[in-house]
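Residue numbers (the working numbering): 213 to 605.
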């Protein structure tokens with residue numbers, strides 16, 4: 213009988229050698245040497261191979277041994293930012309151990325000893341960087357491209373037998389393209405996370421027989437903590453699957469708020485230290501079925517999840533009121549087949565134009581934060597006990 217190592221044994225093995233020992237074996241030979249994502253990854257690995265800690269900023273990875281975060285505990289750190297102008301910025305620090313654990317757990321779940329990826333996600337996000345980590349730690353390879361490149365005829369040969377991670381907005385674009393669908397069917401699997409898939413997109417992926425693995429995770433957990441197998445997805449099962457073996461999930465309070473306890477939880481965040489074996493309380497609420505499968509039903513706060521980007525309505529409202537002629541403003545989510553949710557603004561008074569609003573906000577908000585839908589009224593109805601007026605949604 214074939215022996216299946218435990219996650220603990222896999223973690224010990226993955227930690228026994230330096231995954232960042234600099235070489236270029238992980239780079240797929242078909243990569244464009246001038247690709248910016250490839251350059252980003254090589255720079256980060258170069259820093260890590262020399263024992264430095266790295267701050268994964270949007271423009272480039274930065275060595276940060278002299279920053280205050282490095283005094284919180286000994287050891288090499290990987291720092292990611294979550295939030296930014298879409299809420300209170302949070303600098304999340306991971307250690308090598310919190311990065312290794314989810315790699316081992318995923319390997320155990322899908323029975324994969326070596327992960328090779330076609331990476332279409334930004335590397336300053338955990339979802340993008342973890343693809344590099346999985347390849348580095350299991351002697352796989354990474355090919356970098358835009359998700360739109362998957363619509364080309366050449367993509368099938370590149371994707372064959374490799375994994376790819378996509379957010380629903382990217383999937384929504386790709387399922388309408390013949391070549392992309394053929395390529396995705398040829399790949400080892402598609403990890404779908406970052407936001408919930410709409411019912412329409414879910415059914416379309418099933419009809420196309422795409423090997424989708426819905427996941428649930430976040431920056432604080434170094435990516436996925438649950439996984440629904442593709443065969444279960446194609447058989448009509450909903451949700452994000454059971455917890456991976458390195459993680460536990462629980463429901464808390466009358467809201468059924470999801471908490472996570474995992475070996476992959478962050479080491480620190482803005483001065484807050486996560487003690488070993490502690491529970492991290494998320495802003496998501498959900499449920500679990502009798503088979504152990506998890507379902508994420510929504511968020512308890514006002515954050516809008518638009519194509520995987522988390523947008524804070526309060527921040528947008530403040531900037532609109534400070535930079536435009538709007539007297540009153542309310543920003544709310546609106547369901548959308550492509551983006552999951554889109555940013556929608558209700559503005560008073562009535563005699564303001566959409567073009568003037570957009571022009572005033574240019575450069576003050578990220579593109580995905582600028583409302584896609586505008587409604588102009590004479591006066592906004594008051595809020596009831598501070599809650600969003602449901603007539604807006």
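We put the CB at the ideal spot given by N, CA and C, even for glycine.
Using only the alpha-carbon positions, how far apart do residue 308 and residue 288 sit?
For the purposes of this step, residue 308 is taken as the residue at position 96 of the chain shown. For the purposes of this step, residue 288 is taken as the residue at position 76 of the chain shown. Their Cα atoms are separated by approximately 7 Å.
Residue 496 lies in the beta strand (DSSP E); which residues open and close that run?
Position 284 of the chain shown, counted from the start, is the residue given in the question as residue 496. Segment 492-500, the beta strand (DSSP E) holding residue 496.
Grab the span of the alpha helix (DSSP H) containing residue 345 for me, first residue to last.
Residue numbering aside, residue 345 sits at position 133 when the chain shown is read from its first letter. 338-350 is the span of the alpha helix (DSSP H), which, as asked, contains residue 345.
On the premise that residue 354 lies in contact with residue 239, defined as a C-beta separation below 8 Å, what is that separation, rounded to the nearest angstrom?
On the chain shown, position 27 is the one that residue 239 refers to. On the chain shown, position 142 is the one that residue 354 refers to. Indeed, because the Cβ distance is near 7 Å, the residues count as touching under 8 Å.
Considering Cα atoms alone, identify which of 421, 591, 323 and 491 is closest to residue 464.
Numbered from its first residue, the chain shown carries residue 464 at position 252. If we check each option's Cα against that of residue 464, 491 comes out closest.
Using DSSP's beta-bridge definition, name the partner residues of residue 414.
As a first step, residue 414 is located in the chain shown; it is residue number 202 there, counting from the start. Its beta-bridge partners do not exist; DSSP assigns none.
Looking only at its own chain, which residues have a Cβ that is under 8 Å from the Cβ of residue 282, when we skip the five neighbours before and after it?
Stepping through the chain shown from its first residue, residue 282 is reached at position 70. Confidence at residue 282 is low in this model, with a pLDDT of 44, below 50, so the placement of that residue should be treated as unreliable; the coordinate-derived value is given next. These residues qualify, in order along the chain: 265, 276 and 289.
My output table needs one value for residue 480: the three-state DSSP class, helix, strand or coil.
The residue given as residue 480 occupies position 268 in the chain shown. Strand, per DSSP.
Closest to residue 393 by CA distance: which of 359, 310 and 407 is it?
One-based indexing of the chain shown puts residue 393 at position 181. The candidate whose alpha carbon is nearest that of residue 393 is 359.
With a cut-off of 8 Å on the beta carbons, I'd call residue 304 and residue 318 a contact; round off their distance for me.
In the chain shown, counting from the first residue as 1, residue 304 sits at position 92. In the chain shown, counting from the first residue as 1, residue 318 sits at position 106. Their Cβ separation, rounded to whole angstroms, is 20 Å, which puts residue 304 and residue 318 out of contact at 8 Å.
Would you kindly work out how many angstroms separate the C-alpha atoms of residue 532 and residue 407, rounded to a whole number?
The residue labelled residue 532 in the question sits at position 320 within the chain shown. The residue labelled residue 407 in the question sits at position 195 within the chain shown. Answer to the nearest angstrom: the Cα atoms are 26 Å apart.
Report the CB separation of residue 426 from residue 505 in whole angstroms; it is logged as a contact under 8 Å.
Your numbering for residue 426 matches position 214 in the chain shown. Your numbering for residue 505 matches position 293 in the chain shown. The Cβ separation is near 10 Å, so there is no contact.
Where does residue 567 sit, in a helix, a strand or coil, going by DSSP?
For the purposes of this step, residue 567 is taken as the residue at position 355 of the chain shown. DSSP places residue 567 in helix when its eight states are reduced to three.
Here's a check: name, in chain order, each residue in its chain whose Cβ is nearer than 7 Å to the Cβ of residue 285, leaving out the five neighbours to either side.
Sequence index remark: in the chain shown, residue 285 carries index 73 (1-based). Note that residue 285 scores 48 on pLDDT, short of 50, meaning its location in the model is unreliable; the coordinates nonetheless yield the value given after this. Within the same chain, residue 285 has close Cβ partners 479.
Comparing C-alpha positions only, which one of 366, 362, 341 and 376 sits nearest to residue 328?
As a position in the chain shown, residue 328 is number 116, starting the count at 1. The residue with the shortest Cα to Cα distance from residue 328 is 376.
For residue 466, count the other beta carbons within 10 Å of its own beta carbon; 16 or more makes it buried, fewer makes it exposed. Which is it?
Looking up residue 466 in the chain shown gives position 254. So residue 466 ends up on the exposed side.
Go through its chain and collect everything with a Cβ distance to residue 412's Cβ below 7 Å, but skip five positions before and after it.
Within the chain shown, the letter at position 200 stands for residue 412. Within the same chain, residue 412 has close Cβ partners 549.
Within a Cβ cutoff of 6 Å, which residues of the same chain sit near residue 529, ignoring the five residues on either side of it in sequence?
On the chain shown, position 317 is the one that residue 529 refers to. Hits under 6 Å: 541 and 543.
In chain order, what residues of the same chain lie with their CB nearer than 8 Å to the CB of residue 233, ignoring the 5 residues before and after it?
Reading the chain shown from its first residue, position 21 is the one you call residue 233. Taken in chain order, the residues that qualify are 261.
Grouping DSSP H, G and I as helix and E and B as strand, with all else coil, what is residue 232?
In the chain shown, the residue the question calls residue 232 occupies position 20. Coil, per DSSP.
To which residues of the same chain is residue 435 closer than 7 Å at the C-beta, ignoring the five residues directly before and after it?
Residue numbering aside, residue 435 sits at position 223 when the chain shown is read from its first letter. Excluding positions up to five away in sequence, the list reads 314, 338, 339, 342 and 429.
If you measure between the beta carbons of residue 330 and residue 519, is that distance less than 8 Å?
The count along the chain shown starts at 1 and reaches residue 330 at position 118. The count along the chain shown starts at 1 and reaches residue 519 at position 307. No; because the gap between Cβ atoms is not below 8 Å, this pair is not in contact.
Out of 420, 270, 460 and 457, which one is the CA nearest neighbour of residue 334?
Taking the chain shown and counting its residues from 1, one reaches residue 334 at position 122. The candidate whose alpha carbon is nearest that of residue 334 is 270.
So the candidates are 306, 293, 247 and 324; which of them puts its Cα closest to the Cα of residue 475?
Mapped onto the chain shown, residue 475 falls at position 263. Residue 306 is the option with its Cα nearest to residue 475.
Note down the Cα distance separating residue 349 from residue 326, rounded to an integer number of angstroms.
For the purposes of this step, residue 349 is identified with residue 137 of the chain shown, where counting begins at 1. For the purposes of this step, residue 326 is identified with residue 114 of the chain shown, where counting begins at 1. Roughly 8 Å separates the two Cα atoms.
Suppose the cutoff is 8 Å on Cβ atoms and the five residues either side in sequence are ignored; what does the same chain contact list for residue 481 look like?
Within the chain shown, residue 481 is the residue found at index 269, counting from 1. Counting only Cβ-Cβ distances below 8 Å, and skipping sequence neighbours, we find 302, 303, 304, 305 and 432.
Using only CA atoms, which one of 385, 382, 356 and 384 lies nearest to residue 371?
Numbered from its first residue, the chain shown carries residue 371 at position 159. Selected option, being the one with the closest Cα: 356.
Among 487, 346, 494 and 546, which residue has its Cα nearest to the Cα of residue 516?
Residue numbering aside, residue 516 sits at position 304 when the chain shown is read from its first letter. Closest option to residue 516, Cα to Cα, is 546.
How is residue 381 classed by DSSP in three states: helix, strand or coil?
Along the chain shown, read from residue 1 onward, the residue named residue 381 stands at position 169. In the structure shown, residue 381 sits in a helix (DSSP, three-state: H, G or I).
Just how far apart, CA to CA, sit residue 444 and residue 397?
For the purposes of this step, residue 444 is identified with residue 232 of the chain shown, where counting begins at 1. For the purposes of this step, residue 397 is identified with residue 185 of the chain shown, where counting begins at 1. Those two C-alpha atoms are separated by around 16 Å.
Drop a sphere of 10 angstroms on the beta-carbon of residue 489, count the other beta-carbons inside from all chains shown, and report buried for 16 or more, exposed for fewer.
The count along the chain shown starts at 1 and reaches residue 489 at position 277. The residue in question, residue 489, is exposed, as its Cβ has fewer than 16 Cβ neighbours within 10 Å.
Classify residue 487: buried if its beta carbon has 16 or more other beta carbons within 10 angstroms, exposed otherwise.
Locating residue 487 in the chain shown gives position 275, where the first residue counts as 1. By the 10 Å Cβ count, residue 487 comes out exposed.
Output the boundary residues of the alpha helix (DSSP H) element that contains residue 261.
What you label residue 261 is simply residue 49 of the chain shown in a count that begins at 1. Unbroken alpha helix (DSSP H) run through residue 261: 248-261.
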